[in-house]
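Read top to bottom, the protein sequences are chains G and E. The numbering of the first sequence is our numbering, which starts it at 1 and goes up by one. The numbering of the second sequence is our numbering, which starts it at 1001 and goes up by one. One structure is given below, encoded as structure tokens.
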Amino acid sequence: MASHHESIIREPLVTGENITYAKVTDDILKPVENMPNKAWWIGFTVASLGALLWVFAVSWTFWYGIGSWGLNKTVGWAWDITGFVWWVGIGHAGTLISAILLLFRQNWRNSINRSAEAMTIFAVICAASYIVCHMGRPWMAVYSLPLPNQYGSLWVNFNSPLIWDVFAISTYFSVSLLFWYTGLLPDLATIRDRATGIRRRIYSIASFGWTGSLKTWQRFETVCLILAGVSTPLVLSVHTIVSMDFATSLEPGWHTTIFPPYFVAGAIFSGFAMVQTLLLVVRKVLGLENYITMFHIEAMNKIILVTGSIVGVAYLTEFFIAYYSGGEYEQYTFLNRFIGPYWWAGCMMYGCNVLMTQLMWFKKIRTNIHVSWVLSIVVNIGMWFERFVIIVTSLHRDFIPSSWAMFYPTWIDVSIFIGSIGLFFTMFLLFIRVLPSIAMAEVKLLLKSSSEQAKKKLMAEGHLEPQQVEFYKESLTKFDSVELADYKK
Amino acid sequence: MSSTKFILGLFDDPDVLLHGIDELKKNSVPIYDVYTPMPIHGIEDKLGVKPSRLGYAAFMFGILGGTTIFSIVYYTLVHDWPMNIGGKPAFAVPDFIPATFEWTVLFTAFGMTITFFFATHLFPGRAPRVMDLRATDDRFVIAIDAKGNVPHEDITNILRDAGAVEIKHNDRKYVSYE
């Protein structure tokens, strides 16, 4: 059957009264079908200025080479790879939401998967731009592909994690894009059928002629399920391979077997923080409180808490293993994170990622929008410092004290980083302007089973355990989009 | 002779739509297609649509992708130019796993999705063959080929009794062509 009754003790995934299928479409397409509001224009202006800064700084790098960065012969990787790993990690939450939560039948993913996947794609674009930039001569990127050439042919070395990374990131980007776009087709068709003139033509081309016929839907669901099935190991493999860029080296601080799971957990951790940062603003500005509810916010905060704690355990394990290994270089590297000249970066890393997220144990904090938003920013900062500590703090004092050095970013380093954030937000703001930020078809699926009004109907029909009804009413008190007066006796 | 090409029953609720399908089947009215704004589970069983075979396609493409890249790696690193890396064997299978895995996933995803687009005739720029513009918004549409299915009044009545909010007799097959 199309709808089945869901247990009353489950919290509603769509709140509000009189939510019909048509209202879902109207609400979600409001920003797409109308001129953007002032908040969007302000955001877009600031973001595109940032993107311009990025274009300028990247062009400068291409023109003068990476000598314009603050790198030296001891610290050969710094803000570039920090930024790369940070952005790739952020991307991971989108795939987790769209693929892994689909396999686990977590229906709350339906209203956040679209924008989270868009975020994935934009984050991976930012990450890939770092990789191309740090080559110095970006046209040499072609040599990372196994193509015949005039040197022999001299092939790429498939034993190298850096080549695995080329394969992993390019596959990840293209499969994410495919998954996202396939999921967009029904919603693009909805826009098309409501639009007129040139807009209709554009959305008509973009929607591939989707009609919503029976067989198309049936196959569409198969495609989504299998894409989710292959994306799940894919997303785990991507950050595993990113971590192997470090873990397969002999550098103290990098040479640890715990890196793959530790990096994957950290990636999901930082990604959910970025989803939280974006969606808390989006739901307010676009008026989507009924679709992205307090349940969603709290669920994401719980994931941040779990993954943040996994990261915390990984940090402790690293320290223990450094001590237990008896390797003096290893021990010095880890001690250096606290007593060396980069002690403040270490404090940011451990403080933001481990200590601050432990606040999420408290329900008051998890369900407080302002605090959640601030904490999500804190996590983003903390995860940037995690990569900075792993990369720069491990490198800057290597085996020979005479070559110890510090890393000082130049204005180009800083501009590329700030610019990449601008680029990311420019793309995200354009996305919410021209594409539906919530998967409409998928939210419509929830309407008859998991919405607040469906539950109200269930309660009106009676036949429910009074205790369960009380439990349900109690759980509604945290929602900011529910009229609690309706539930008073 | 009536000029009606298609009779459309528009429903505003998926459960009522399923009821409508049952009623039409009970009266032996063949259903041309069903258009819905979201996937409705259970229709495919009622209308006898077989499970999708895209999974087989996906599997074959996966095998193809894995074999392709493994062959490339084998040819380049073992056959064409084996390198002495610390005296280790050139045929280092564990090192070949990441690239093999990535291309397995890549080929599975793209092969299957392109097969899906091909099989359902989806491609950029295809003229949308929409029978009712609200079928992608909030209407659940049953389409019945008017030709041969007479009398039309009876079909209209079946649909109305089953709970259709609106019944259309379309003179054109598709409304979306300009």
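From the three backbone atoms N, C-alpha and C, an ideal C-beta is built for every residue, glycine too. Given the structure is predicted, the values throughout are model-derived calculations rather than measurements.
(message) Out of G:SER475, G:TRP40 and G:LEU423, which one is the CA nearest neighbour of SER48 of chain G?
(response) Of the listed residues, the one whose Cα sits closest to SER48 of chain G is G:LEU423.
(request) Between the Cα of MET300 of chain G and those of G:ALA273, G:VAL282 and G:LEU185, spot the shortest distance and give me the residue it belongs to. (result) G:ALA273
(message) Since PHE479 of chain G and MET383 of chain G should fall inside the 8 Å C-beta cutoff, what is the C-beta to C-beta distance between them, to a whole number of angstroms?
(response) Not a contact, Cβ separation roughly 29 Å.
(message) Considering Cα atoms alone, identify which of E:ARG1139, E:LEU1018 and E:VAL1073 is closest to VAL1093 of chain E.
(response) E:VAL1073
(request) Taking VAL212 of chain G as the query, report the chain E residues whose CB atoms sit under 7 Å from its CB, ordered along the chain. (result) Position check: residue 212 of chain G holds Gly in this sequence, whereas Val was assumed. TYR1035, THR1036, PRO1037, ALA1135 and THR1136, listed in chain order.
(request) Pick helix, strand or coil for ILE1253 of chain E, following the three-state DSSP scheme. (result) This structure cannot settle anything about residue 1253 of chain E, because the visible part of chain E is limited to 1001 through 1178.
(request) Mind listing the chain G neighbours of ILE1072 of chain E? Cutoff is C-beta to C-beta under 8 Å, in chain order. (result) Neighbours of ILE1072 of chain E on chain G, chain order: PRO146.
(request) Figure out for me which residue from G:PHE295, G:LEU359, G:GLY266 and G:VAL392 has the closest Cα to the Cα of SER451 of chain G. (result) G:PHE295
(message) Under DSSP, the beta strand (DSSP E) around ASP1145 of chain E begins and ends at which residues?
(response) 1140 to 1145
(message) Check this for me: beta carbons of GLY351 of chain G and GLY89 of chain G, under 8 Å apart or not?
(response) no
(message) Against THR1113 of chain E, what residues of chain G qualify as contacts under a CB-to-CB distance less than 8 Å, listed in chain order?
(response) LEU178, THR182, VAL223 and LEU227
(message) Please list, in chain order, the chain E residues whose beta carbon lies closer than 9 Å to that of LEU236 of chain G.
(response) Going along chain E, no residue has its Cβ under 9 Å from LEU236 of chain G, so there is no contact; the nearest lies around 11 Å.
(message) Which residues in chain E have a C-beta closer than 8 Å to the C-beta of GLY152 of chain G? List them in chain order.
(response) TRP1081
(message) If distances are taken between C-alpha atoms only, which option among E:ILE1114, E:SER1052 and E:ILE1155 comes closest to THR1004 of chain E?
(response) It is E:ILE1155.
(message) With H, G and I counted as helix, E and B as strand and the rest as coil, what does DSSP make of TYR1174 of chain E?
(response) coil
(message) Is there a Cβ of chain G sitting closer than 8 Å to that of THR1108 of chain E, yes or no?
(response) yes
(message) So for LEU355 of chain G, helix, strand or coil by DSSP?
(response) helix
(message) Let me confirm a value: SER213 of chain G is counted as buried when at least 16 other C-beta atoms fall within 10 Å, else exposed. Which label applies?
(response) Label assigned to SER213 of chain G: buried.
(request) Taking a Cβ distance cut-off of 8 Å, strictly less, list which residues of the region 435 to 458 of chain G are near chain E, in chain order. (result) For the region 435 to 458 of chain G, the residues whose beta carbon sits under 8 Å from a beta carbon of chain E are, in order, MET440, ALA441, GLU442, LYS444, LEU445 and LYS448.
(message) Checking 8 Å against the spacing of the C-beta atoms, do ALA314 of chain G and ALA267 of chain G come in under that value?
(response) no
(request) Going by CA-CA distance only, name the one from G:ILE418, G:ASN34 and G:PHE84 that's closest to GLU386 of chain G. (result) G:PHE84
(message) Between which residues of its own chain and PHE425 of chain G is the CB-CB distance below 6 Å, once the five residues before and five after are set aside?
(response) ALA47
(request) Entirely within the region 222 to 308 of chain G and at least 4 residues each: give me those alpha helix (DSSP H) ranges in chain order. (result) 259 to 285
(request) Could you tell me whether the Cβ of ASP1145 of chain E comes closer than 8 Å to any Cβ of chain G? (result) By this cut-off, ASP1145 of chain E is not an interface position.
(message) Classify GLY197 of chain G: buried if its beta carbon has 16 or more other beta carbons within 10 angstroms, exposed otherwise.
(response) Flag for GLY197 of chain G reads exposed.
(message) Can you tell me whether THR477 of chain G is buried or exposed? The criterion is at least 16 other CB atoms within 10 Å of its CB, across all chains shown.
(response) exposed
(message) Can you give me the C-alpha to C-alpha distance between GLY419 of chain G and ILE258 of chain G, rounded to a whole angstrom?
(response) 32 Å
(message) Are the CB atoms of PHE1070 of chain E and GLY1111 of chain E within a distance shorter than 8 Å?
(response) no
(message) Is ILE112 of chain G close to chain E? Criterion is C-beta to C-beta, closer than 8 Å.
(response) It does not; no Cβ of chain E falls within 8 Å.
(message) Distance cutoff 8 Å, beta carbons only. Does PHE246 of chain G sit that close to anything in chain E?
(response) no
(request) Kindly indicate which residue of G:PHE388, G:SER249 and G:ASN159 has the alpha-carbon position closest to the one of TRP344 of chain G. (result) G:PHE388
(message) Between LEU1010 of chain E and LYS1168 of chain E, how many whole angstroms is the CB-CB distance? I'm expecting something under 8 Å.
(response) 7 Å
(message) Taking the alpha helix (DSSP H) that VAL46 of chain G belongs to, which residues open and close that run?
(response) 38 to 64
(message) I need the DSSP call for SER98 of chain G, collapsed to helix, strand or coil.
(response) In the three-state reduction of the DSSP assignment, SER98 of chain G falls in the helix class, which pools H, G and I.
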